[in-house]
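Structure record follows, encoded as structure tokens.
Chains as they are written, first to last, in the numbering used here: chain A, 51 to 305; chain B, 13 to 256.
Right under this line is the structure:
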């Protein structure tokens with residue numbers, strides 16, 4: 051598994067993990083983010099259980115495992131956090147697990163012993179260190195009905211989970227960043243049309259995050275957007291006709 | 013004639029000979045044997061109910077036969093006692109089956125996690141990250157804990173097979189007593205005059221139920237013995253892995 055530092059200041063770092071060349075092809079490729087601040091760290095969407103071994107090994111290149119004080123799950127999907135029971139085995143006993151209140155009893159089906167801190171619908175903030183605060187921003191219905199993005203105002207980076215996801219062919223993954231936005235659209239268009247179902251939710255989320263200063267926008271699948279591509283992505287998403295699954299139900303997709 | 017569902021397990025055994033692979037194979041075999049043993053008694057509840065109805069009908073026939081039916085009436089009372097025993101056995105078996113299935117599900121879940129923890133240990137050793145030491149310790153400890161949990165599940169499954177064996181013995185006793193009742197009803201039938209055919213029919217039906225019970229016990233015998241042996245080996249194998 052590849053790791054790359056995408057932001058660094060003294061005592062504060064964003065690390066991206068993913069694009070594992072040894073990953074079985076049938077597993078969807080995922081990005082995992084680790085934010086470190088002082089001797090604390092949080093893993094954003096730690097990933098599916100099958101990628102736990104390479105992810106743990108790659109993490110130990112960068113930080114001691116005891117620094118991981120928080121695990122964040124943007125929503126309930128298995129590629130987001132089915133590795134949870136194994137992470138709890140290797141992290142400190144009192145590691146904080148953050149997940150929408152909506153999903154706590156569902157995630158118990160793959161980790162009944164996890165003690166989860168439920169995130170309320172309106173979101174919350176956590177203090178990673180004395181000078182690094184993270185904001186859990188509501189992103190409900192995009193695509194999960196209990197869903198959150200994570201914003202780091204100090205790093206000016208937004209973790210968006212499945213929003214911004216792209217289904218890239220392996221040969222296109224030679225960097226963590228989008229190089230040509232227009233040619234990248236083809237890899238994310240189908241996903242967003244099908245996975246996102248609510249234009250009201252989409253518009254509300256864009257309304258929130260447009261007020262933030264964002265240098266890098268990091269989705270869980272595919273590539274990251276930086277600089278002007280952040281605005282390009284938000285503008286593209288705002289115009290996209292979503293909810294394509296409704297077509298197969300004989301309805302229209304004016305959700 | 014039913015056969016044990018062992019084919020897939022055999023294929024797995026050929027493919028995976030690592031220590032964990034052998035544990036996985038034997039756990040699958042143990043579960044398969046338990047499954048087959050419990051399945052052998054799958055119709056016990058229905059058979060018990062049929063026997064109860066037979067005893068009620070026999071009692072009515074005995075009533076119609078007047079004094080010639082006195083002995084048969086007494087035998088129907090014994091039959092209902094056997095039915096009560098069979099119902100007790102059936103409840104115990106259903107309970108054992110439920111517990112065993114839960115333990116099997118837990119064992120299979122743990123085995124999946126053990127495979128991943130083994131891979132994590134391999135990846136950590138291969139990657140030699142600068143902070144790998146503590147992660148290696150914690151992963152190894154987690155692996156040992158998981159193996160201990162697996163051992164508990166395997167011990168539980170093996171104990172349940174022993175308990176199932178006790179219940180199967182209880183069924184054997186019922187078989188023996190029900191056979192005697194059938195014989196005695198047949199004897200009574202021979203001196204029951206006009207009611208001979210009716211009592212004879214009861215005796216024949218009872219013999220059919222005895223044969224079915226006998227078949228259940230016979231079918232379960234081999235998987236119960238095998239499960240005991242597989243369970244014992246599996247416990248040894250798991251203990252060896254905890255030490256390694």
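All residues carry an ideal CB built from backbone N, CA and C; glycine is no exception.
- Rounded to whole angstroms, residue 83 (chain A) and residue 270 (chain A) show a C-alpha spacing of 9 Å.
- Residue 121 (chain B) places its beta carbon 8 Å or farther from that of residue 92 (chain B).
- Any Cβ of chain B closer than 8 Å to the Cβ of residue 135 (chain A) would place that residue at the interface, and such an atom is present.
- Between the alpha carbons of residue 235 (chain A) and residue 86 (chain A) lies a gap of roughly 31 Å.
- With a threshold of 8 Å between beta carbons, residue 233 (chain B) makes no contact with chain A.
- Counted as a single uninterrupted DSSP element, the alpha helix (DSSP H) harbouring residue 105 (chain A) occupies residues 102–109.
- Here residue 104 (chain A) is buried: its Cβ has 16 or more other Cβ atoms, across all protein chains shown, within 10 Å.
- Distance from the Cα of residue 113 (chain A) is smallest, within the candidate group A:62, A:217, A:101, A:200, for A:62.
- In this structure residue 207 (chain B) touches residue 81 (chain B) by the C-beta definition: roughly 7 Å separates them, less than 8 Å.
- Around the beta carbon of residue 185 (chain B), fewer than 16 other beta carbons lie within 10 angstroms, which makes this residue exposed.
- The alpha-carbon of residue 137 (chain A) is positioned some 17 Å away from that of residue 125 (chain A).
- In the three-state reduction of the DSSP assignment, residue 188 (chain A) falls in the strand class.
- Under a criterion of Cβ atoms nearer than 8 Å, the residues of chain A adjacent to residue 128 (chain B) are, in order, 99, 100, 102, 103, 136.
- Using a CB distance cut-off of 8 Å, residue 110 (chain A) counts as an interface residue toward chain B.
- Distances from the alpha-carbon of residue 192 (chain A) to those of A:252, A:164, A:223, A:243 put A:252 closest.
- Taken through DSSP and simplified to helix, strand or coil, residue 78 (chain A) comes out as coil.
- Relative to the Cα of residue 219 (chain A), the nearest Cα in the group A:71, A:243, A:156 belongs to A:71.
- With 16 or more other Cβ atoms inside 10 Å of its own Cβ, residue 105 (chain B) counts as buried.
- Judged by beta-carbon spacing, residue 173 (chain B) lies beyond the 8 Å limit of residue 197 (chain B), meaning their Cβ atoms are not closer than that value.
- Boundaries of the alpha helix (DSSP H) harbouring residue 238 (chain A): 231–245, taken from the DSSP string.
- Between residue 151 (chain B) and chain A, the shortest Cβ-Cβ separation is below 8 Å.
- Taking 8 Å as the upper bound for CB-CB distance, residue 262 (chain A) and residue 201 (chain A) are in contact here, some 6 Å apart.
- Listed along chain A are 110, 114, 115, 116, 140, each with a C-beta nearer than 9 Å to that of residue 146 (chain B).
- Your pair residue 87 (chain B) and residue 193 (chain B) checks out as a contact, with CB atoms roughly 5 Å apart and the cut at 8 Å.
- According to DSSP, residue 132 (chain B) shares a beta bridge with no other residue.
- In terms of CA proximity to residue 160 (chain A), A:98 leads the group A:178, A:98, A:121.
- Taking each of A:73, A:80, A:75 in turn and checking the Cα distance to residue 67 (chain A), the smallest one comes out for A:80.
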